[in-house]
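The sequence shown begins at 64 in my numbering and counts up one residue at a time.
The beta carbon of each residue, even a glycine, is placed where N, CA and C say it ideally should be.
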Amino acid sequence: MKKILLFLLIPLFLFAYKIEIKEWNKKDTFYGFLKANHIPFSLYYKLPKKVQKQLASIPLNSDIYLLKNGSEIKQALIPFNDKEQLQIIKIGKAYTTKIVPIRYSVEDKTAHININNFISYDVYHATKNPYLSKKLTKIFSDRVNFKALPKNTQIDLYYKVKSRFGKIIDTDIIYANIKNRYYDISAYKYTDGRYYDKKGRSLKGMFLAYPLRFKRISSPFGMRFHPILHKWRMHDGIDFVNRVGTPIHAVADGRIIYKGWIRGYGNVVKIKHKEGYITLYGHLHGFAHIRNGQYVRQGQTIAYLGNTGRSTGPHLHFGVMHHGKWINPVKIRKSVKVRLYGKRRKRFLAYAEQIDEKMNQKVASK
């Protein structure tokens, strides 16, 4: 195992001790960690309340670094968010703690990949990066059918690799191009976090396909016989069925214009988006940490599925209004695109040209 730079605050003679890297799994708890390593639990109560709360939900698959003398822990580094980690140090018979920043290294990389098998196999074989193929398929999911990718498809990439102690933690794709005899599509990641093609059109629609993970759709958009009122009436949304407490996500960037109770809908969140769109999320069990007037990002958790209001069982009522008229949410999933205009588009085109020049220089140097 790599020992260089693992514990910068340790005297050099301690590098004779062994270093273990433990992956934090679903069954692990901070209490269990302390108990298993004979560390007094009083250490936990001396920590700030904010840190105590975060240690209750250490990210799954996080790497815990342990410096050990036999079975005894001399030091431990336990990350509790993306930026900070708890350092436990044993001095004599006592333990002390520090909150220290997590240090990552970031490296720029490029790759040219020929796809002749499966994209996951060929991309990993060429880069040894476990994140790239999944991120690629997500970026181009609305444009490319990866299950029927023609042979000899070529992929060019410019990406940043984030690593910690030599292990890849994450990857950020800045530019990608997929080219074959049928199409040639480029994706540039811009300052708003979206991916655009060469003309400044987003690769994905303005809206997520769905606001939650669901088991089934119990009632589509359109006329229906109401299960409670027992008469035919317009159903101005889609009902998604799942368990109470399932997270509900904002389908697009926007501002919360209503959070509260509406007769029939129960607990409701309304979000105002660009281009005259408003989305409604009804029958909610409860709300996330949101407030009226708050700006939320696409994919952000805003509430939790429930059974409030006029409802026959746990579900989400999801409605979409465009310029004051209810429309079928299914039709907006891929049809509504984000486009750059005016000065933003000019800045983007200049940025895309810089990326193209960088990629051309990389090709010329090989």
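Residue i (DSSP reduced to helix, strand or coil)
i	result
Thr92	coil
Leu275	coil
Ser281	strand
Asn240	strand
Ala211	helix
Tyr358	strand
Ile102	coil
Leu97	helix
Pro392	helix
Tyr108	helix
Lys261	coil
Lys56	Not covered by the structure: residue 56. The range shown for the chain is 64 to 429.
Asp299	coil
Trp87	coil
Ile82	strand
Arg287	strand
Ile353	coil
Gly345	strand
Gly133	coil
Lys267	strand
Asp205	coil
Asp233	strand
Cutoff 6 Å; reference residue i; Cβ partners in own chain excluding five residues on either side
i	result
Gly220	The sequence as given places Leu at residue 220; Gly does not occur at that position. Excluding positions up to five away in sequence, the list reads Ala174, Ala239.
Thr200	Phe209
Lys335	Gly317, Arg318, Ile320, Ile341
Leu97	Phe104
Asn391	Phe284
Ile218	Ile176, Ile241
Tyr167	Lys225, Arg227
Lys421	none
Contacts around residue i, its chain only, beta-carbon distance under 7 Å, and the 5 residues preceding and following it disregarded
i	result
Leu275	Phe303, Asn305, Thr309, Pro310, Ile311, His312, Leu368, Leu379
Met297	Met286
Glu83	Leu129, Lys131
Glu86	Asn124, Asp126
Gln363	His312, Ala313
Ile280	Ile301, Asp302, Phe303
Arg440	Lying before the first or after the last residue shown, residue 440 is absent from the chain, which here runs from 64 to 429.
Nonlocal neighbours in the same chain, by C-beta distance under 8 Å from residue i, ignoring five residues either side
i	result
Tyr187	Pro193, Leu195, Ser196
His251	A small correction: the amino acid at residue 251 is Tyr; His does not occupy that position in the sequence shown. Around Tyr251: Ile237, Tyr238, Tyr258, Tyr259, Asp260, Lys261, Phe411, Tyr414, Ala415, Ile418.
Ile165	Pro142, Asp145, Lys146, Glu147, Gln148, Arg227
Thr160	Leu106, Lys109, Leu110, Leu149, Gln150, Ile151, Ile152
For residue i, the first and last residue of its enclosing alpha helix (DSSP H)
i	result
Val332	Not the alpha helix (DSSP H): Val332 falls in the beta strand (DSSP E), residues 329–335.
Lys113	112–118
Extent of the continuous beta strand (DSSP E) run through residue i
i	result
Thr13	Coverage of the chain is limited to positions 64 through 429, which leaves residue 13 absent and any answer about it impossible.
Val307	Careful: Val307 lies outside any beta strand (DSSP E) and carries neither H nor E.
Glu338	Element bounds for Glu338: n/a, residue is neither H nor E.
Ala250	247–252
Asn430	A question about residue 430 goes unanswered here, because the residues of the chain that appear run from 64 up to 429.
Thr216	216–227
Val383	378–385
Arg373	No beta strand (DSSP E) contains Arg373, which DSSP labels as neither H nor E.
Arg318	317–325
Chain D contact for residue i (CB, 8 Å cutoff)
i	result
Glu416	Here there is only one protein chain, and chain D is not present.
Three CB pairs or more closer than 8 Å across the stretch 173–190 and the stretch 144–164: no
Length at least 4, wholly inside the stretch 139–201: the alpha helix (DSSP H) runs in chain order: 182–190
Touching by the beta-carbon criterion (3+ pairs, under 8 Å), the stretch 346–363 and the stretch 391–409: Touching, no.
Taking only runs of the beta strand (DSSP E) that begin and end inside the stretch 397–423, which ones reach a length of at least 3 residues, in chain order? 400–402
Do the stretch 181–196 and the stretch 221–235 make contact, defined as three or more Cβ pairs closer than 8 Å? With the cut-off at 8 Å, the stretch 181–196 and the stretch 221–235 touch.
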